[in-house]
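Visitor: Residue numbers (the working numbering), protein chains in the order written: chain A, 1 to 442; chain B, 1001 to 1261. Even glycine gets a Cβ: it sits at the ideal position worked out from N, Cα and C.
(1) If you measure from the CB of residue 49 of chain A, is any heavy atom of the ligand FMN nearer than 7 Å?
(2) Which partner residues of residue 388 of chain A appear in the DSSP bridge assignment?
(3) From which residue to which residue does the alpha helix (DSSP H) around residue 1031 of chain B run?
(4) Exposed or buried, residue 35 of chain A, counting other C-beta atoms within 10 Å across all chains shown (16 or more means buried)?
(5) Quick one: what does DSSP say residue 224 of chain A is sitting in, helix, strand or coil?
(6) Hey, out of A:360, A:390, A:196 and A:192, whose CA is closest to residue 421 of chain A's CA?
(7) If contacts are defined as beta-carbon pairs under 8 Å, then residue 381 of chain A and residue 315 of chain A qualify, I think. What distance do you get, rounded to the angstrom?
(8) Please report how far the alpha carbon of residue 290 of chain A lies from the alpha carbon of residue 31 of chain A, in whole angstroms.
(9) Residue 169 of chain A bridges to which residues according to DSSP?
(10) Mind checking if residue 425 of chain A is an interface residue toward chain B, Cβ cutoff 8 Å exclusive?
(11) Which residues of chain A have a Cβ atom closer than 7 Å to the Cβ of residue 1255 of chain B, listed in chain order?
(12) Determine the DSSP secondary structure at residue 437 of chain A, reduced to helix, strand or coil.
(13) Use the C-beta contact count for residue 195 of chain A: other C-beta atoms within 10 angstroms, 16 or more gives buried, fewer gives exposed.
(14) Quick one, which of B:1189, B:1154, B:1100 and B:1208 has its alpha-carbon nearest residue 1261 of chain B's?
(15) Whose Cβ in chain B lies nearer than 7 Å to the Cβ of residue 37 of chain A?
(16) Within 8 Å, do at least three Cβ pairs link the stretch 1184-1199 of chain B to the stretch 1129-1148 of chain B?
(17) Per DSSP, which one or two residues make a beta bridge with residue 1107 of chain B?
(18) Are the beta-carbon atoms belonging to residue 159 of chain A and residue 126 of chain A less than 8 Å from one another?
(19) Which residues bound the beta strand (DSSP E) around residue 394 of chain A?
(20) Considering just the uninterrupted stretch of the alpha helix (DSSP H) at residue 133 of chain A, what are its terminal residues?
(21) Could you work out which residues of chain B lie near residue 15 of chain A, taking near to mean beta carbons separated by less than 8 Å?
(22) With a 10 Å radius around its C-beta and 16 neighbouring C-beta atoms as the bar for buried, classify residue 80 of chain A as buried or exposed.
(23) Can a CB atom of chain B be found closer than 8 Å to the CB of residue 103 of chain A?
(24) From the DSSP output, in three-state form, read off residue 443 of chain A for me.
(25) Is residue 116 of chain A close to chain B, meaning its C-beta is less than 8 Å from at least one C-beta of that chain?
(26) Using only alpha-carbon positions, find the residue among B:1127, B:1087, B:1115 and B:1028 that is nearest to residue 1045 of chain B.
(27) To the nearest angstrom, how far is the alpha carbon of residue 253 of chain A from that of residue 276 of chain A?
(28) Pick from B:1091, B:1204 and B:1084: whose alpha carbon is nearest that of residue 954 of chain B?
(29) Short of 8 Å Cβ to Cβ, which residues in the stretch 329-361 of chain A face chain B?
(30) Would you list, in chain order, the members of the stretch 363-391 of chain A that have their beta-carbon closer than 9 Å to a beta-carbon of chain B?
(31) For residue 374 of chain A, I'd like the list of residues in its chain whose CB is within less than 6 Å of its CB, leaving aside the five on either flank, ordered along the chain.
(32) With distances taken from CA atoms, which of B:1174, B:1176 and B:1203 is nearest residue 1187 of chain B?
(33) Does chain A have any CB closer than 8 Å to the CB of residue 1022 of chain B?
(34) Less than 8 Å between CB atoms is the rule here; does residue 1103 of chain B satisfy it with respect to chain A?
(35) Compute the Euclidean distance between the alpha carbons of residue 73 of chain A and residue 12 of chain A, then round it to the nearest angstrom.
(36) Can you check whether the C-beta of residue 112 of chain A is within less than 8 Å of a C-beta belonging to chain B?
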């Protein structure tokens, strides 16, 4: 391992919570003999080494201690115990625009902020053209920032920070700045900074960004580091934690394909070993309360085309969603379906066997069936939540309206960028089939 | 503490200036109010106390002397009170910065003190000009005024620093201070001359830490004499001791301030 830029040793942070200010006074007056506070440990025994040029993701649910750790590293909070050391200059995007004075113009604010962060004025002067070009706010740079739209404000702040060339960057949820084109610029700038050997500590709830940008990730939970290592596996642990599915972290087993019989004589799908194993345990998530329970999803698994369990695919790739369904009553109109929602809660796509005109075999009471939906996720990179469900027809309606069972809080899947080179293959929510024809003969 | 204040001197200066500049933001003549406001105050006092209620200060015969006496104490007191009160709220007001940036805490108290001092400088300059125009003479003792004002503001900064830390934990302190400062002003001979006090009260004045400053200012501006030799050590003591105490308190509770904000 090369020289470490950030090193954190056994770092802990305790907040003292008092029910009233008088309790604090009482503690002071009695010199600590009367203790009235409740200790809240936001961080406990954190160890972290980040080498020069590394990009490390910091993930965890809200309240896991991510921000506290970042604030300590940027010296805005003092740790309760333990040591930390940051070699070189550190810029934290936590501070995005906080040093900006509303009455000063954009240009004046650039200098003021840089001064606050301890960067020499001539450095900033030299970079001013690049900063302004990146921000793309034109004439507004000589207007007081109080007249800026919030988008312009953040763009200017981000541009400044992206051009300061510190040794360490701390980025907290700042990647969701501006429109898609500006975001692309930001990503590009990040890659450039990494090439220049800048160390980055990235906090994001966008797992796509973490897996895409980071070499390594750290999962915090309840102030403790619960998982550390390769970004993908840590993201997986995060989802496992979030869905509380208790799903064991499955190591990639060789995809030996075997067949399982279906008692209704349908052509049996080939079920990879990993999927068989996953289907044997309880499905992830929780069963919806409003299902009738006429049939139930007793096993659910997601695999990639190689037959390994998967929760991520490149945009345009296919994932296989496996359902093990058990009937309570006799079911003669079974519909197996799935919903995909993006992180804004928009239903991106929903499909069921009914939609595709597929009639599943009749299930006898107590009967089981295995069904697999293979979906090509030609959607923009990001996190998608799923609602796997089984149901039937309501009398007379052509739409399937009766819900037997639905799995909720299933850990989401992540669609990642196909490649980091070149432009994104498309913008927007979905990749619609597009054909291009052209001629010079006009 | 001093090292950090020096390191952030440009930040302090710029913020103090922009505070002065934007105190009257939105008004048509903006910055000019910084001059017009104290000028109006001085002129009104002069008019009222020389023409309408002609009060004379014991031992000084001129008609404008009471107005001068009043301004000599009141303008510095206002700046001093500003230092203490706004200083006490400095951490709370600037919590957005403190929560996110590694700026030393005392910078924000200093920034208010500098702004108040600048404003005081303008006011006192105007007072000097008005005195000359209305026929008074500026005695050489005026040269000592900036020094006394600086010490007085140092005292204000120190108190501001002490209370700024405490106020974070017990926000009632800010409210109590507003009342306490008013009471303190009336316990100090600013709007009245000390000779009207009963003798036992006069004797008690030497326990009032603000008294040496006000007395020195009165002697220099109204009386044209140098301050009592005994007042200099007292003033120097308060101007050094309170910032030192404030710094010790800050250092003790520094780690908790940012947790609580």
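Guide: Let's see:
(1) For the structure depicted, the ligand FMN is absent and the ligand set is empty, with no information on it obtainable.
(2) A:338
(3) Element bounds for residue 1031 of chain B: n/a, residue is neither H nor E.
(4) exposed
(5) strand
(6) A:192
(7) 5 Å
(8) 57 Å
(9) A:91 and A:200
(10) no
(11) 78
(12) coil
(13) exposed
(14) B:1100
(15) Within 7 Å Cβ-Cβ: nothing; residue 37 of chain A doesn't reach chain B, min ~11 Å.
(16) no
(17) In the DSSP output, where bridge partners are listed per residue, residue 1107 of chain B has none listed.
(18) no
(19) Careful: residue 394 of chain A lies outside any beta strand (DSSP E) and carries neither H nor E.
(20) 121-135
(21) 1259
(22) buried
(23) yes
(24) With chain A running from 1 to 442 in the structure shown, residue 443 of chain A is simply not present.
(25) yes
(26) B:1127
(27) Note that residue 253 of chain A has pLDDT 33, beneath the 50 cutoff, so the model's placement of it is unreliable and no number is given.
(28) Any question about residue 954 of chain B goes unanswered here, given that chain B covers just 1001 to 1261.
(29) none
(30) none
(31) 318 and 320
(32) B:1203
(33) yes
(34) yes
(35) 12 Å
(36) yes
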